[in-house]
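See below for the structure under consideration.
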Amino acid sequence: MFLKLVLLNAFVVVYVKASLCDCIEWTGQSLQFPNQKEKLLCQTNGSYISKNGLMTRGQIYENHLYGAMPRFKPGVAATLVKVSLKSKACEASLVPFPNWEAQNEDNCEGLQSIMDIFLDPHGFLWCLDSGVVLTHTDNPIRKCPPKVVIFDLKTGKKVKTVHLSGLVVKCSRLQYLVVDYNANGKPILLISDASLCSILVFDVAEGKGYRLVLPKAVANCKRDVLYLCLMQKTSGSKFLIVTYLSGSRVFSINLEDIRRGSAAGNIQDLGPKERKIVPVSTDGATRLFYRHEGESDIYKWDADSELFCEGNLVYKEDNCCYLATQVMPYYAENRMMLLESNFHDYIQGTVGCGTSQRVCPMVSYV
17 MFLKLVLLNA
27 FVVVYVKASL
37 CDCIEWTGQS
47 LQFPNQKEKL
57 LCQTNGSYIS
67 KNGLMTRGQI
77 YENHLYGAMP
87 RFKPGVAATL
97 VKVSLKSKAC
107 EASLVPFPNW
117 EAQNEDNCEG
127 LQSIMDIFLD
137 PHGFLWCLDS
147 GVVLTHTDNP
157 IRKCPPKVVI
167 FDLKTGKKVK
177 TVHLSGLVVK
187 CSRLQYLVVD
197 YNANGKPILL
207 ISDASLCSIL
217 VFDVAEGKGY
227 RLVLPKAVAN
237 CKRDVLYLCL
247 MQKTSGSKFL
257 IVTYLSGSRV
267 FSINLEDIRR
277 GSAAGNIQDL
287 GPKERKIVPV
297 STDGATRLFY
307 RHEGESDIYK
317 WDADSELFCE
327 GNLVYKEDNC
337 CYLATQVMPY
347 YAENRMMLLE
357 SNFHDYIQGT
367 VGCGTSQRVC
377 PMVSYV
C-alpha cells in the first residue's frame, strides 16, 4: 500500500492578509446530515448535541480540511470530518469522513474517538482512535481497543487499521501521533502515552512495536499532555521533539535511534522553557510553531538551533477569544493555515450554543 518515499520539501511560509471569507467558520457541530428527518432523529435520541462538538486537530489535503472531533462529551455525532476550503459561504458544512456509517461508536470496525490525525507526504491520513468516549465527563467509557486507522485521501478509502492492544494498558492515555518513512519507504508510527510517560513505536511494515519509556528527567506522570513533533534539520537528519505541558524542559530524540530501539539512552536535553508552551505543529521541516498556555500569539523556533530558546513572534491574534490548536500547511495556496477556537470555554462548559471555530490564513505580525 505504501509508495516509495518522496522527501517532503521544506514548506516556504508565506504570510498573507486574510479577507473576510478567507476564514471558514462554524459553531459546535455544523454537520451535514443525509436529510432533515435523520437530523431530528439524532437530536431526539441524544446522539447529536450540536454544542458538544469541537474540532481540535486538522490537516489539509488539496482543498479540504480534515478534522478530528474527539468524543469528549455526549452527542458528538461524527468524530472525523472534512470541510471544503473552497466554499462560497463563510459558514462551514462539516461532512462525516469517510461516511456516516463509520461514525458508529458502538462498532469497533468504525471510529470511536479520534484524538489526533497526521497527513504523510503520500496522501495517507493516519487517525489515532483512543477507543474511549465521554473523556471530559465523570464517566468515560471504553468502547473498543485503541487503534490507528489509515485512509488514502486520493480515494477516500480506508487502507489499513493498526491495532495497539499489545502496547497499551488500561490506564494508557494516547494523545498525539506522528509518522515517518525510512529510505526504503517503510513507515514508523510514534504515539505519545502521557499516563505511562512513554512513546509507542510501531513498525507498520513488520507489524510489531515496542514501548519507549522516557527517563525521569523527561517524564511528568501526572495527568498532563505529552506533545510529539516530528522535525528535520537542513542537513536532513530527523528527530522528535518531546515535552510535557507542565514540564520545564524540551527534549529531542533522533529518529535513527528510535528505529534501532536504542533511543532510551540517547535523549538530548534542548534546554528549559521560559513558560509552558503548546506546540501547534511544524511546517514539515525545520520550523516548530507554538504558543504559550492560555495565550493566542504564535512563535516559531528553528530546528537548526542547537538549543531550544524563545522563538520569533510570527502571529498576533487580536481576538483573545480564540486559541490555535493546529497550524497546517496549505500547499495548494502556498500558505499556512490556523485552526482556532474558544476551546477553553468548551472545557469550562460556558459556550452557550456551541464553541466558535474557524480556519484562517496565518497573518504575519512582522
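Mapping of the sequence shown onto this note's numbering: residues 17 to 382, in sequence order.
For each residue, glycine too, the CB sits at the ideal point set by N, CA and C.
None of these values were measured; they are calculated from a predicted model.
*DSSP beta-bridge partners for Gln-248?*
Position 232 of the sequence shown, counted from the first residue, corresponds to residue 248. Answer is Lys-254.
_Give me the DSSP bridge partner(s) of Thr-298._
Locating residue 298 in the sequence shown gives position 282, where the first residue counts as 1. DSSP lists Leu-304 as partners of Thr-298.
*Just reading off the beta strand (DSSP E) that Thr-384 is part of, what are its end residues?*
The chain is shown only over 17 to 382; residue 384 falls outside these bounds and no answer can be derived.
*Exposed or buried, what is Ile-215 when buried is set at 16 or more other beta-carbons lying within 10 Å of its beta-carbon?*
Residue numbering aside, residue 215 sits at position 199 when the sequence shown is read from its first letter. By the neighbour-count rule (16 or more Cβ atoms within 10 Å), Ile-215 is buried.
*Could you give the distance in angstroms between the alpha-carbon of Lys-98 and the alpha-carbon of Ile-76?*
What you label residue 98 is simply residue 82 of the sequence shown in a count that begins at 1. What you label residue 76 is simply residue 60 of the sequence shown in a count that begins at 1. Whole-angstrom Cα-Cα distance: 9 Å.
*Is the stretch 369-378 close to the stretch 65-84, with three or more CB pairs under 8 Å?*
Taking 8 Å as the limit for Cβ pairs, the verdict is that the stretch 65-84 does touch the stretch 369-378.
*Could I get the ranges of all uninterrupted beta strand (DSSP E) runs contained in the stretch 66-90, with 3 residues as the minimum, in chain order?*
The beta strand (DSSP E) runs lying completely inside the stretch 66-90 and spanning 3 residues or more are 73-77, 80-84, given in chain order.
*Can you give the Cα-Cα distance for Val-375 and Thr-43, rounded to whole angstroms?*
Numbered from its first residue, the sequence shown carries residue 375 at position 359. Numbered from its first residue, the sequence shown carries residue 43 at position 27. Taking the straight line joining both Cα atoms gives about 12 Å.
_Pairwise C-alpha distance: Gln-248 and Asp-196_ = Here residue 196 corresponds to residue number 180 of the sequence shown, with the count starting at 1. Here residue 248 corresponds to residue number 232 of the sequence shown, with the count starting at 1. So the two alpha carbons sit approximately 11 Å from each other.
*How is the alpha helix (DSSP H) around Gln-59 delimited, first residue to last?*
Reading the sequence shown from its first residue, position 43 is the one you call residue 59. Residues 52-61.
*With C-beta atoms as the reference, is Leu-169 less than 8 Å away from Leu-110?*
Here residue 169 corresponds to residue number 153 of the sequence shown, with the count starting at 1. Here residue 110 corresponds to residue number 94 of the sequence shown, with the count starting at 1. For Leu-169 and Leu-110, no; Cβs fall outside 8 Å.
*Measure the Cβ-Cβ separation of Ala-340 and Ile-314 and say whether it is below 8 Å.*
Reading the sequence shown from its first residue, position 324 is the one you call residue 340. Reading the sequence shown from its first residue, position 298 is the one you call residue 314. Contact: yes.
*asked:* Buried or exposed, going by whether 16 or more other CB atoms sit within 10 Å of the CB of Ala-26?
replied: Locating residue 26 in the sequence shown gives position 10, counting from the first residue. With a pLDDT of only 42 at Ala-26, under the threshold of 50, the placement of this residue in the model should not be trusted; the figure read from the coordinates follows. Around the beta carbon of Ala-26, fewer than 16 other beta carbons lie within 10 angstroms, which makes this residue exposed.
*Give me the Cα-Cα distance between Asp-122 and Tyr-64, rounded to the nearest whole angstrom.*
In the sequence shown, counting from the first residue as 1, residue 122 sits at position 106. In the sequence shown, counting from the first residue as 1, residue 64 sits at position 48. Spanning the two alpha carbons is a distance of roughly 15 Å.
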